[in-house]
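Throughout, our numbering is defined as the position within the sequence shown, counted from one, plus 346.
Virtual Cβ for every residue (Gly too), placed ideally from N, Cα, C.
Treat the numbers as computed from the prediction; the structure is a model and nothing was measured.
As C-alpha cells, the structure follows; a few thoughts come after it.
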Amino acid sequence: MAKGAAAGLAVALLLAGCASPARSGRSLPDPAALARDLDALTGGRAPEEARLIAETAIERARWLAVQYRAMRPAWFHNMLVNAGRRPRGLCYQWAQDLKAALDRLPLRAFELHWGCAEEATPGEHNAVVVTAKGRPFEEGIVLDAWRKSGVLCWAPVRTDKYEWLELDPPPRLPRSPYE
Numbered sequence: 347m348a349k350g351a352a353a354g355l356a357v358a359l360l361l362a363g364c365a366s367p368a369r370s371g372r373s374l375p376d377p378a379a380l381a382r383d384l385d386a387l388t389g390g391r392a393p394e395e396a397r398l399i400a401e402t403a404i405e406r407a408r409w410l411a412v413q414y415r416a417m418r419p420a421w422f423h424n425m426l427v428n429a430g431r432r433p434r435g436l437c438y439q440w441a442q443d444l445k446a447a448l449d450r451l452p453l454r455a456f457e458l459h460w461g462c463a464e465e466a467t468p469g470e471h472n473a474v475v476v477t478a479k480g481r482p483f484e485e486g487i488v489l490d491a492w493r494k495s496g497v498l499c500w501a502p503v504r505t506d507k508y509e510w511l512e513l514d515p516p517p518r519l520p521r522s523p524y525e
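Printed below as a string of C-alpha cells:
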C-alpha cells in the first residue's frame, strides 16, 4: 500500500513540473473576432448583442481563472480539484459559471445551451453553446473556458474537436459561489 501511495505521489510531483499558473496576459482571445463569429449566426443582424456576449464571455473566463487559481494544463488543474487542492475548476464548473454570467445578459437574438461531449465517461466535457434564437444546437458556437484554463476558446459545434450534444435541461448542479 505504501509503495502504491509513493508511486502515485511521485507521478503527481513529476506532472507538477509540467504545470504552470494560467496567465491572463498570454494569447488573449480577440473579442471582435468572437463577436463577428457570433453575429454571423444571426446573418449579421445583432452585432451589438454579439459584442456583449463576446466581451462578457472572455472577461468572465479570465476572472474565473483568477478565482479558481487555475493551472495549465487544464487536466492538471482537474487533478488539483479532485485532490481537494482547488475548490473549483472542473469543466462543468467553468461551464456553469460562464453560463450564469451570460444568462444575465438581455439576449434577444441569441440563445444559450449546455453542451456535453462524451457524457457519463471519464472523458466527459461540458461547455456553453450559443445559437441564434430558434436555430438548432448543431449550428451554434461552443464557448469553452476550461480548455485553456481561462483563456476562452470557441469553435463551431460541428467542427470542434469534441462531438457535442445538447443537455436539455442542463444538469442540476449545486449553486456556485460565482453565480
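Cα-Cα separation, A455 to F483: Looking up residue 455 in the sequence shown gives position 109. Looking up residue 483 in the sequence shown gives position 137. C-alpha separation (whole angstroms): 14 Å.
message: In the DSSP output, which residue or residues are listed as bridge partners for A473?
response: By one-based count along the sequence shown, residue 473 stands at place 127. Paired residue(s): G461.
- prompt: Can you tell me whether DSSP reads V488 as helix, strand or coil?
  reply: As a first step, residue 488 must be located in the sequence shown, where it is residue number 142. Here V488 sits in strand by DSSP.
message: Quick check: the region 417-427 against the region 376-396, are at least 3 beta-carbon pairs closer than 8 Å?
response: No, the region 376-396 is not in contact with the region 417-427.
message: Taking the alpha carbon of C437 as the reference point, which residue from N424, A429 and G430 has its own alpha carbon closest?
response: Your numbering for residue 437 matches position 91 in the sequence shown. For C437, the nearest C-alpha among the options comes from N424.
task: Would you please state the rounded distance, in angstroms, between the beta carbons of V474 and L519? I believe it to be under 8 Å.
output: Position 128 of the sequence shown, counting from 1, holds the residue named residue 474. Position 173 of the sequence shown, counting from 1, holds the residue named residue 519. So it is not a contact: roughly 13 Å between Cβ atoms.
- request: Measure the beta-carbon distance from Y414 to G435 and round it to whole angstroms, keeping in mind my assumption that it falls under 8 Å.
  value: Along the sequence shown, one-based indexing puts residue 414 at 68. Along the sequence shown, one-based indexing puts residue 435 at 89. The distance from the Cβ of Y414 to that of G435 is about 4 Å, consistent with a contact at the 8 Å cut-off.
- prompt: Can you tell me the Cα-Cα spacing of A491 and W440, whole angstroms?
  reply: Translated into the one-based positions of the sequence shown, residue 491 becomes position 145. Translated into the one-based positions of the sequence shown, residue 440 becomes position 94. Going from the Cα of A491 to the Cα of W440 covers about 6 Å.
message: Quick check on the burial criterion: 16 or more other C-beta atoms within 10 angstroms. Buried or exposed for A332?
response: As displayed, the chain neither begins before 347 nor continues past 525, which places residue 332 out of reach and without an answer.
query: Which ranges does the alpha helix (DSSP H) cover as unbroken runs of at least 4 residues, wholly within the region 389-429, from first to last along the chain?
result: The region 389-429 contains these whole alpha helix (DSSP H) runs: 393-414 and 420-428.
- request: Using alpha carbons as the reference points, say which of P375, V427 and P393 lies closest to E405.
  value: Working through the sequence shown from its first residue, we reach residue 405 at position 59. Selected option, being the one with the closest Cα: P375.
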